[in-house]
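Asker:
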Ligand SMILES: [Zn+2]
């Protein structure tokens, strides 16, 4: 994405998914002068194996971790929708929240998780990806959908491109050799998640980035399924 400034909206199911799936690409795009904002759908309040942890405390911790990780990547704004972890549903209300944010921030590019990854895939990932795609097309485009947004002064908006991470069938590879260390630093902010497994996780992420990079002749890459929308 060389050239003029592009507005990117990253819709992530949980705090940490965006860093794992796309952190190197996000850091790289910010370095190129593009603007990136986050929409964090759930508060991640189930992601702990500590028997003494409460959902309330975990949600607070993870919000702070997400803010720090986003800051390291250069993300300019983080919007928390605050749904509880694991109970996300495909509802008109959730879809409407995403439509409203798309109309408000008018991103050229939206990144989210691929909802069509087969077999084991977190339910929140499946639903976030699917509802985000629906919100982009056709709902954000059509002024008769969620007309209350139009009444409050927001215009319909056409997103141009979508990047899906976690795809079974990636077709687009972004060179993250220059920003891989920033990705790892951002990932380290999620201490409640990476904790004592940090080194193993980092090793696994490096191996994956290396495999993706090899197919493209670069040291390290992230892989996406990319959709271009013609209206
Ligand atoms: Zn997740």
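In our numbering, the protein residues as written are 217 to 447.
All C-beta atoms in this analysis are idealised placements derived from N, C-alpha and C, irrespective of residue type, glycine included.
Predicted model, so just to flag it, every value in this text is computed and none were measured.
Quick check on the DSSP output: the alpha helix (DSSP H) that includes residue 402 runs from which residue to which?
Answerer: Looking at the DSSP string, the run of the alpha helix (DSSP H) that includes residue 402 is 396-404.
Asker: Of the choices 391, 393, 314 and 272, whose alpha-carbon is the least far from that of residue 343?
Answerer: Minimum Cα distance to residue 343 is reached at 314.
Asker: Give me, in chain order, the residues of the same chain whose beta-carbon lies closer than 6 angstroms to that of residue 232; leave out the 5 immediate sequence neighbours on both sides.
Answerer: So the list reads 406 and 409, once near-sequence residues are dropped.
Asker: Within 10 angstroms of the Cβ of residue 416, are there 16 or more other Cβ atoms? Answer buried if so, exposed if not.
Answerer: Per the 10 Å Cβ criterion, exposed.
Asker: Apart from the five residues on each side of it in sequence, which residues of its chain come closer than 7 angstroms, Cβ to Cβ, to residue 326?
Answerer: Excluding residues within five positions, the ones whose Cβ falls inside 7 angstroms are 225, 227, 348, 352, 375 and 378.
Asker: Using only the heavy atoms of ligand 1, determine whether one of them is closer than 7 angstroms to the beta carbon of residue 233.
Answerer: Checking the Cβ of residue 233 against ligand 1 gives yes.
Asker: Ligand 1 heavy atoms versus the CB of residue 330: any closer than 7 angstroms?
Answerer: Answer for residue 330: no, Cβ out of range of ligand 1.
Asker: If you count every other CB in all the chains shown that lies within 10 Å of the CB of residue 445, and 16 or more means buried, which is it?
Answerer: Under this definition residue 445 is an exposed residue.
Asker: Taking just the CA atoms, how far does residue 368 sit from residue 421?
Answerer: One C-alpha to the other measures close to 43 angstroms.
Asker: Distance, Cα to Cα, residue 382 vs residue 337?
Answerer: The alpha-carbon atoms of residue 382 and residue 337 are separated by roughly 9 angstroms.
Asker: If we require 3 or more residues per run, which beta strand (DSSP E) segments fall completely within the stretch 269-343?
Answerer: List check, beta strand (DSSP E) in window: 293-299 and 325-329.
Asker: Candidates 436, 400, 261 and 364: which alpha carbon is nearest residue 273's?
Answerer: Of the candidates 436, 400, 261 and 364, the one whose C-alpha sits nearest the C-alpha of residue 273 is 261.
Asker: Between which two residues does the alpha helix (DSSP H) harbouring residue 233 extend?
Answerer: Segment 233-247, the alpha helix (DSSP H) holding residue 233.
Asker: Thinking just about the alpha-carbon of each residue, which of 345, 223, 308 and 275 is nearest to the one in residue 234?
Answerer: With distances taken between Cα atoms, residue 234 lies closest to 345.
Asker: Is residue 261 near ligand 3, with its Cβ less than 7 angstroms from a heavy atom?
Answerer: Because ligand 3 does not appear in the structure shown, any question about it cannot be addressed here, the ligands present being ligand 1.
Asker: For residue 221, report the span of its alpha helix (DSSP H) as first-last.
Answerer: First-last for residue 221: undefined, no H or E at that position.
Asker: Is DSSP giving residue 389 helix, strand or coil here?
Answerer: Residue 389 falls in the strand class under three-state DSSP.
Asker: If we count Cβ pairs, one from each stretch, closer than 8 angstroms, do we get three or more for the stretch 356-368 versus the stretch 327-336?
Answerer: Taking 8 angstroms as the limit for Cβ pairs, the verdict is that the stretch 327-336 does not touch the stretch 356-368.
Asker: Please go through the same chain and pick out, in chain order, the residues whose beta-carbon is closer than 7 angstroms to the beta-carbon of residue 350, but skip the five residues on each side of it.
Answerer: Closer than 7 angstroms at Cβ, skipping near neighbours: 311.
Asker: Any heavy atom of ligand 1 closer than 7 angstroms to the Cβ of residue 229?
Answerer: Yes.
Asker: Is residue 406 a contact residue of ligand 1, with contact defined as CB to any heavy atom under 7 angstroms?
Answerer: Flag unset: Cβ of residue 406 not near ligand 1.
Asker: Per DSSP, what kind of secondary structure is residue 437 in: helix, strand or coil?
Answerer: Three-state DSSP puts residue 437 in a strand.
Asker: Please determine whether the Cβ atom of residue 338 lies at a distance below 7 angstroms from any heavy atom of ligand 1.
Answerer: Under cutoff, so the answer is yes.
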